[in-house]
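Listed in order, the protein sequences are those of chains A and B.
First residue of the first sequence: 1, per the working numbering; consecutive thereafter.
First residue of the second sequence: 1, per the working numbering; consecutive thereafter.
This report refers to the structure that appears directly beneath it.
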Amino acid sequence: MNKNIDTKKIIISNPLKLDCGKEINNFPIAYETYGKLNSEKSNAILVFHALTGDQYVSGKNPITNKDGWWSYVVGENKPIDTNKFFVICANVIGGCMGSYGPSTINESTGKQIGTDFPIITINDMVNAQHELIKYLEIEKLFAVVGGSMGGMQVLQFVANFPDKAKLAIPIACTSSHSAQNIAFNELGRQAIMADSKWENGFYSNYKLNPDKGLAVARMAAHITYLSEKGLQEKFGRKLQDRDSLRYGFEADFQIESYLRYQGSVFVDRFDANSYLYITRAMDYFDLSKQYKGNLSGAFKETKTKFFVISFTSDWLYPTSENREIVIALNSIGADVGFVEIESDKGHDSFLLDVPSFLKTLGDYINSTYKVINERRI
Amino acid sequence: MKEEFNIISNLIEENTRVLDVGCGNGDLMKFLQENKTKDIRGLEISKEKVQNCLSKGLTVIEGNAESDLKQFPKSSFDYVILSQTLQAFLNPELVINELLKVGKKVIVTIPNFGYWRVRLQLLFKGTMPVTENLPHEWYNTPNLHMCTIKDFYNFCSSKNIKIFKSIALKKSRISEINKSNLNYKNLDSHLGIFLIES
Chain A
1 MNKNIDTKKI IISNPLKLDC GKEINNFPIA YETYGKLNSE KSNAILVFHA
51 LTGDQYVSGK NPITNKDGWW SYVVGENKPI DTNKFFVICA NVIGGCMGSY
101 GPSTINESTG KQIGTDFPII TINDMVNAQH ELIKYLEIEK LFAVVGGSMG
151 GMQVLQFVAN FPDKAKLAIP IACTSSHSAQ NIAFNELGRQ AIMADSKWEN
201 GFYSNYKLNP DKGLAVARMA AHITYLSEKG LQEKFGRKLQ DRDSLRYGFE
251 ADFQIESYLR YQGSVFVDRF DANSYLYITR AMDYFDLSKQ YKGNLSGAFK
301 ETKTKFFVIS FTSDWLYPTS ENREIVIALN SIGADVGFVE IESDKGHDSF
351 LLDVPSFLKT LGDYINSTYK VINERRI
Chain B
1 MKEEFNIISN LIEENTRVLD VGCGNGDLMK FLQENKTKDI RGLEISKEKV
51 QNCLSKGLTV IEGNAESDLK QFPKSSFDYV ILSQTLQAFL NPELVINELL
101 KVGKKVIVTI PNFGYWRVRL QLLFKGTMPV TENLPHEWYN TPNLHMCTIK
151 DFYNFCSSKN IKIFKSIALK KSRISEINKS NLNYKNLDSH LGIFLIES
């Protein structure tokens, strides 16, 4: 995974009280930045990554050697143009790309923390990243942006720090994880924990890795990121490198081969325990519950401008759940725009080349930046 | 278009909170933003038009006025505008009621079906009117409930809706509508603009 790569990192010395009751301190946050912070420090955008994302938003990811996970959105001359904006992205705590997580080495034992790592929440992730913003001495971010779990962090960030961002763009997300969301996450966790190499989370002590379980978790999750139509159009019943069925359990169908491949490449870059912890954090996310059942309460203090985006074929975080965020914001008269983008690419749409999404997002960010700068807020 | 925007703009006090229902590509929103108030939102049903608005940095929500106005609290806007859209709703009465809830004041503009050019087409040609202002054919028109200036005027009085101001527009000529000239204005204007309150 991340062991030999030189990631940008800071150590947070302030103690951070977690929702589970434990306190952590002197813990690392790994992050990456793109573009330059201007002299007024008014062009900073904090991007939050999703479940299996990392700090490598754009350019080449040094660990996978592939393009950064949001290369369609962030980069030079991209919708979030790094010629203009200073983009920051941190690996969430609980993650496995250098931030404090279950694969962090416990210095006193020399071993990975494993499942001794405390349960973390979206709230904890956001509070940790706020420490990074303080470290970077940015008084006010121009924007906080993220899709899926990144969008949940956007919502939590504005709720926790109502005057820290001028603009918030939660994409394809929810204010509260649904039973269906929890069910899929539980399926993934059970797959990992059922792998005999999981060893109650201490696999690294035995030089083992629950690859099979993690791969199954990824395969199941991957299906939820696509749409039925997208799957049918891309794969249908097409066979994989063969002309007829083999009457066995090999990957006869292209979709099987595709999922197996997705599973196998995932285990090379992701830690199984991180998968458990981060999915748990998502399941625990219920912003309205934090505000006594009234989601609007989360945004009462803020003057932040919101732009909520959903996708037609996203059944994991459907438009109806994104709309609930819009309704909560409208009910307190917050400044909120909303559009549902037409796309067959399912939940993954926010990561992919969906031209109307990229254009609307880019134009909106740029014109809002212009308006806000003109008004000198 | 420009005259209508000017009239609407003149009905609105500066630095107030405005919602444009059926804001289309945001032309009126932009106009008001430059001339009257920065605090303006839009609601629009067409995805493509919502995207156009958002691209211009306008705060617009994709939604249907018939179902989505409910989410706004009572009197949360100083003015709610419905520009030439009332006739396109399945249930215009319901929409008017929703508008009057959400807005302290409501501005409704209606393409006047009582305009003499419209009347003549039906009378002499015997076909559904197609004019500059009502460019669609009967089979593709989005307009489900056409009405006249007089219809709307009567509707307001029968529903106890206060009309603060009613203005008739013919080409670029602007005039006030009142009880005594109603029949004439109904014949001679292509657009009616009403400032109402519940």
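Here a beta-carbon is modelled for each residue, glycine too, at the ideal position from N, C-alpha and C.
When C-beta distances to chain A are compared with 7 Å, the residues of the stretch 41-63 of chain B below that value are Lys47, Val50, Gln51, Leu54, Ser55, Lys56, Gly57, Thr59, Val60, Ile61, Glu62, in chain order. If you draw a straight line from the Cα of Ser180 of chain B to the Cα of Asn330 of chain A, it is about 42 Å long.
Taking a 10 Å sphere around the C-beta of Tyr206 of chain A, we find fewer than 16 other C-beta atoms and assign the residue as exposed. Gly114 of chain B sits in coil when the DSSP states are folded into three classes, being neither helix nor strand. Under the DSSP definition of a beta bridge, Leu239 of chain A partners with A:Phe253. From the listed residues A:Asp81, A:Lys60, A:Glu23, the smallest Cα separation to Leu37 of chain A is found for A:Asp81.
Close to chain B, meaning a Cβ-Cβ distance shorter than 8 Å, is no residue of the stretch 23-45 of chain A at all.
Around Asp335 of chain A, the beta-carbon contacts reaching into chain B at under 9 Å are Asp39, Arg41, Thr59. The CB of Phe72 of chain B comes closer than 7 Å to the CB of Asn330 in chain A, given here in chain order. Secondary structure note for Tyr135 of chain A: its alpha helix (DSSP H) is the uninterrupted segment 122-135. Cβ contact annotation for Ile192 of chain A (same chain, cutoff 7 Å, sequence separation greater than five): Trp198, Pro210, Gly213, Leu214, Ala217, Ala272, Tyr275, Leu276, in chain order.
Per DSSP, Ala221 of chain A is one residue of the alpha helix (DSSP H) stretching across 211-225. Between Pro111 of chain B and Asn133 of chain B, the C-beta gap is smaller than 9 Å, which places the two residues in contact. Looking from the CA of Ala30 of chain A, the closest CA among A:Gly75, A:Asp19, A:His130, A:Asn43 belongs to A:His130. Counting C-beta atoms within 10 angstroms of its own C-beta, Asp268 of chain A has fewer than 16 neighbours from the protein chains shown and is therefore classed as exposed. The contact set of Ser75 of chain B on chain A, defined by CB atoms closer than 9 Å, is empty, because the minimum CB distance reaches about 11 Å. In the DSSP assignment, Glu62 of chain B falls outside any alpha helix (DSSP H) and lies within the beta strand (DSSP E) extending over 59-62. For Glu199 of chain A, there are no C-beta contacts with chain B under 9 Å, since the nearest C-beta of that chain is about 49 Å from it.
The stretch 281-290 of chain A makes no contact with the stretch 232-250 of chain A, as fewer than three CB pairs between them are under 8 Å. From the beta-carbon of Val339 of chain A, the residues of chain B found nearer than 7 Å are Lys47, Val50, Gln51, Leu54, Glu62. Following the DSSP letters along the chain, one finds Lys289 of chain A inside the alpha helix (DSSP H) bounded by residues 287-290. Across the structure, Asn154 of chain B and Asn127 of chain A are spaced so that their CA atoms are roughly 59 Å apart.
A Cβ-Cβ separation of about 7 Å places Phe89 of chain B in contact with His145 of chain B under the 8 Å criterion. The C-alpha of Leu100 of chain B is placed about 12 Å away from the C-alpha of Asn160 of chain B. Tyr79 of chain B is positioned such that its CB atom lies closer than 9 Å to that of Val106 of chain B.
Close to Thr302 of chain A, with beta-carbon spacing below 8 Å, lies no residue of chain B; the smallest spacing is near 15 Å.
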